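There are 2 protein chains.
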Amino acid sequence: MKINKKANAEVKPDPRAPATKVTLAMVASACGVSSSTVSRILNGTAVVSPKKREAVDRAIAALGFTPNPVARGLAGGRTLSVGVVTQAIDSPFYGPALRGIEEELGNAGYSPLFVSGHWNSEEEQRCIDVLLSRRVDGLIILTGRLSDTALRNTAKSVPVVVTGRRLEAPGLYSLDFNNFQGAQLATHHLLSLGHRSIAFISGDPAHPDAHERLNGYRSALKAAGVPFNPALVLPGDYREHSGIEAVERLLDSRERFTAIFAANDQMAFGAALALYRRGLRVPDDVSLVGFDDLAAAVHSIPPLTSVHQGPSELGQLAATSLLNLLSGRVPTERLPEPRMVIRSSTRALPGP
Amino acid sequence: MKINKKANAEVKPDPRAPATKVTLAMVASACGVSSSTVSRILNGTAVVSPKKREAVDRAIAALGFTPNPVARGLAGGRTLSVGVVTQAIDSPFYGPALRGIEEELGNAGYSPLFVSGHWNSEEEQRCIDVLLSRRVDGLIILTGRLSDTALRNTAKSVPVVVTGRRLEAPGLYSLDFNNFQGAQLATHHLLSLGHRSIAFISGDPAHPDAHERLNGYRSALKAAGVPFNPALVLPGDYREHSGIEAVERLLDSRERFTAIFAANDQMAFGAALALYRRGLRVPDDVSLVGFDDLAAAVHSIPPLTSVHQGPSELGQLAATSLLNLLSGRVPTERLPEPRMVIRSSTRALPGP
DNA sequence: GGAGATTTCGAATCCGATTTTAAACGACAT
DNA sequence: ATGTCGTTTAAAATCGGATTCGAAATCTCC
């Protein structure tokens, strides 16, 4: 009995066998060449006689050999993985961007490593360090609060693509939305509908895009000859709840307004809810415009008019830019211009 | 000129220097011990005299040494990374789960590797193969459509935690929500509000939980002595649009109903929109209950009554279970019971 | 003080590739 | 036949640590 058991144990030396256990050395000896030859064939490096190449290819297929990325990473310095620093893995805006990145990178044989910085520059730096220690071949940084200097510095060790800012540096490529123009568009849309008292719920002032959006709003107002009324600008932090609070504050201030432009959709949703609670109808009593065109904007009540930014394109473009950087090319990707998506949350102001 | 260039190249042998370039061998020689000693101190393996340990610790700190996870993975077989197979990186339900996983794993020094299977068993299997080839130490599989057999098989090579099903196997731990009970709860809630004609929008029949939810609905109906009316069950696929279609079909069928229970929140949002378009008010004309309690349920109009499932707890528990598995312990984690979160989309049916 | 038992370390091996170095081979000219 | 220049290809070094094994150092007890 005992002996039997032992024999049994010897039959399966490694309980975790089913996975790729075939090594380069095995295929090498299988077809009587050296491991370096197999390696070179695998990487397309150097020349090999067609006869051997074929034999090796056949052996690889026969044994079902897959090169071990870990060993490859150690020896070759390339891990075929790229680090992606996002702010929250479950962000409704960046989620689709991650998806775009995953897709684009996957097609090129790279694997993304997602980590979250939670809008905290120190944490972002930690994330980058972790990623770097894992020897990623490149880095995609979705916005965040890292300093330009820190970014430039990181770009010295590894190619970097960063979004949400405009920055020039060696080994660095930046991709930025035109927030200013987007906000102009949104404001202009309301203006063209006859609205003159347009409240603005601003984003988190710690984000540069919040300022740009505010400026776009002011610029459009100015272009239309509508005086800027500071009382109509409410502070927000890009989250739903701040949209609720902003509307409540606005309503309580008894300042007159016929439309609201929220600096992002999440706050617009909050605003819509606050209006609903106070018995105000969108768009009958108040027109509402958001920014970002989140997936949820389509199914909100009413469907939200918003400025489309296309996070998934952002992700794809960031990924292809990085891929270009990695293969030594100079990326030329540009983000599409923002555009209005008009749904049911805005309507023309009835004539006086 | 040529010579100058060459000299220049020799000055900066590695352009990507700033990142952790310190190796174990360097700290070893820095404090006059062998590299194996440093390694052993790092891993807590074996005993070392306090004097040396301290010296080494100091040297590590001084040089800012970080062990290279790639090399470590090769040598030790452990990569301190775990693969997470989700269905879509931007899923509103699984997003928070990923966040929970990231947090829990991060605390333990592990890095998650997220990949998406897109509800396709072949793709899921490919994801697992990629993950395995990257030598992850463990696997978390969020639901998905993989066969139990495939899962059991995977568990032979690496510890696995799977959600969304109940499955026993060596090296495998499963975590499942009680969908049946959740659906009972939701239905019971409507029943207790006086509703008798409750429509049910079912989930994608390819998911086992869709059946469980339907059964929960039927069970609650039966317990209350309300006859089951097949005409009130509408097919859905868990996406918003199917909620819209279901309500339109329901309305067109002229079947009487006072409440709708959607098998998930996304369909509930779609249903709410369809009702809104037809001029029906929630909850005044129709009460509406969802399932999952997505983050968006709080800010929808009206805020949606739903069955709370807690995806972030799911993620955390999956992660701690896996961590237990990895350290040889037997996980005992259990998911919390589903519970109703009553908001504003349901109301008592006025007496006849 | 010394034999035997421990504890503490260092050198050698290995993980699974990549890359460099150099030897073997072949064709062609001398 | 010998020598030379170019290809192929094999052997060896490397990447950065983990692990095993055995030797040296320290300790125990008689």
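For the protein sequence lines, the chains are W and G, in the order given. The opening residue of the first sequence carries number 59 in this note's numbering; numbering runs sequentially from there. The opening residue of the second sequence carries number 59 in this note's numbering; numbering runs sequentially from there. Quick reminder that beta carbons are idealized off the backbone N, C-alpha and C, glycines included. Please read these numbers as outputs of a predicted model, since none were measured by experiment.
Check: residue 107 of chain W touches chain G at which residues, Cβ-Cβ below 9 Å?
Finding: By Cβ distance, chain G contributes nothing, its closest Cβ being about 29 Å from residue 107 of chain W, past 9 Å.
Item checked: Within 8 Å, strictly: CB atoms of residue 182 of chain G and residue 204 of chain G -> yes
Note to self: Is residue 122 of chain G close to the ligand SAM? I mean its beta-carbon at under 7 Å from any heavy atom of the ligand.
What the structure shows: Absence of the ligand SAM is noted for the structure shown, with no ligands found whatsoever.
Notebook entry, point to check: For residue 247 of chain G, which residues from the same chain have a beta carbon less than 6 Å from its beta carbon, with the 5 sequence-adjacent residues on both sides left out?
Noted result: 398
Checklist line | Presumed contact (8 Å Cβ cut-off) between residue 154 of chain G and residue 394 of chain G, rounded CB distance | finding: Not a contact, Cβ separation roughly 14 Å.
Checklist line | Residues of its chain near residue 278 of chain W, where Cβ-Cβ distance is below 6 Å and the 5 sequence neighbours each way are ignored | finding: 242, 245, 246
Check: residue 195 of chain W by DSSP, collapsed to three states: which one?
Finding: coil
Checklist line | Range of the contiguous alpha helix (DSSP H) that encloses residue 358 of chain G | finding: Per DSSP, residue 358 of chain G belongs to no alpha helix (DSSP H) and is neither H nor E.
Checklist line | CA nearest to the CA of residue 283 of chain W, picked from W:249, W:404, W:119 | finding: W:249
Margin query: Tell me which residues share the same chain as residue 252 of chain G and place their Cβ nearer than 7 Å to its Cβ, disregarding the 5 neighbours each side in the sequence.
Written below: 406, 407
Note to self: I'd like to know whether the C-beta of residue 337 of chain G is nearer than 8 Å to at least one C-beta of chain W.
What the structure shows: no
Margin query: Against chain G, with Cβ distances strictly below 8 Å, would residue 234 of chain W count as a contact?
Written below: no
Note to self: One question on the structure: do residue 259 of chain W and residue 304 of chain W come within less than 8 Å of each other, judged by their Cβ atoms?
What the structure shows: yes
Notebook entry, point to check: Is there a Cβ from chain W that is less than 8 Å from the Cβ of residue 389 of chain G?
Noted result: no
Notebook entry, point to check: Do you know offhand how far residue 135 of chain W's Cα is from residue 193 of chain W's?
Noted result: 8 Å
Checklist line | Exposure label - residue 107 of chain G; buried when at least 16 CB within 10 Å | finding: exposed
Next item on the list: Using a Cβ-Cβ cut-off of 8 Å, state whether residue 101 of chain G counts as contacting chain W.
Entry: no
Next item on the list: Could you check if residue 388 of chain G is buried or exposed, using at least 16 other CB atoms within 10 Å of its CB as the buried criterion?
Entry: exposed
Next item on the list: Look at residue 121 of chain G and residue 173 of chain G and say whether their C-beta atoms are less than 8 Å apart.
Entry: no
Notebook entry, point to check: Does DSSP classify residue 314 of chain G as helix, strand or coil?
Noted result: coil
Check: Which same chain residues, not among the five before or five after residue 417 of chain W, have their C-beta less than 8 Å away from its C-beta?
Finding: Past the boundaries of the shown model lies residue 417 of chain W; chain W is included only from 59 to 410, so the question cannot be answered.
Notebook entry, point to check: How about the segment 159-175 of chain G and the segment 373-382 of chain G: do they share at least three Cβ pairs that are nearer than 8 Å?
Noted result: yes
Notebook entry, point to check: Do you know offhand how far residue 177 of chain W's Cα is from residue 186 of chain W's?
Noted result: 13 Å
Notebook entry, point to check: Taking contact to mean at least 3 C-beta pairs separated by less than 8 Å, is the segment 140-151 of chain W in contact with the segment 99-113 of chain W?
Noted result: no
Check: Looking at the C-beta of residue 5 of chain W, does it have a partner C-beta in chain G at a distance below 8 Å?
Finding: Missing from the structure shown is residue 5 of chain W; chain W here goes from 59 to 410 and no further.
Check: Terminal residues of the continuous beta strand (DSSP E) containing residue 158 of chain W?
Finding: Taken as a continuous stretch (DSSP letters only), residue 158 of chain W belongs to no beta strand (DSSP E), being part of the alpha helix (DSSP H) at 152-165.
Checklist line | Contact list for residue 288 of chain G against chain W, beta-carbon separation under 8 Å | finding: Those do not exist, as residue 288 of chain G stays about 27 Å from chain W at its closest Cβ, beyond 8 Å.
Note to self: I'd like the list of long-range same chain contacts for residue 275 of chain W, defined as Cβ closer than 7 Å, with 5 residues on each side in sequence excluded.
What the structure shows: 241, 245, 258, 319
Check: With respect to the alpha helix (DSSP H) encompassing residue 373 of chain G, which residues constitute its N-terminal and C-terminal limits?
Finding: 369-384
Item checked: Minimum Cβ-Cβ distance from residue 196 of chain G to chain W less than 8 Å -> no
Check: Bridge partners of residue 320 of chain W, per DSSP?
Finding: W:259
Checklist line | Unbroken alpha helix (DSSP H) run spanning residue 366 of chain W, endpoints | finding: Counting along the chain, residue 366 of chain W falls outside any alpha helix (DSSP H), though it belongs to the beta strand (DSSP E) covering 363-366.
Notebook entry, point to check: Thinking C-alpha only, which one of G:383, G:342, G:170, G:239 is nearest residue 273 of chain G?
Noted result: G:239
Item checked: Contacts that residue 359 of chain G makes with chain W (C-beta to C-beta distance below 8 Å) -> 330, 331, 334, 358, 359
Next item on the list: Please list the partners that residue 378 of chain G has in chain W, where partner means a Cβ-to-Cβ separation under 8 Å.
Entry: Within 8 Å Cβ-Cβ: nothing; residue 378 of chain G doesn't reach chain W, min ~18 Å.
Next item on the list: Identify which residue in G:148, G:197, G:146 has its Cα closest to the Cα of residue 168 of chain G.
Entry: G:197
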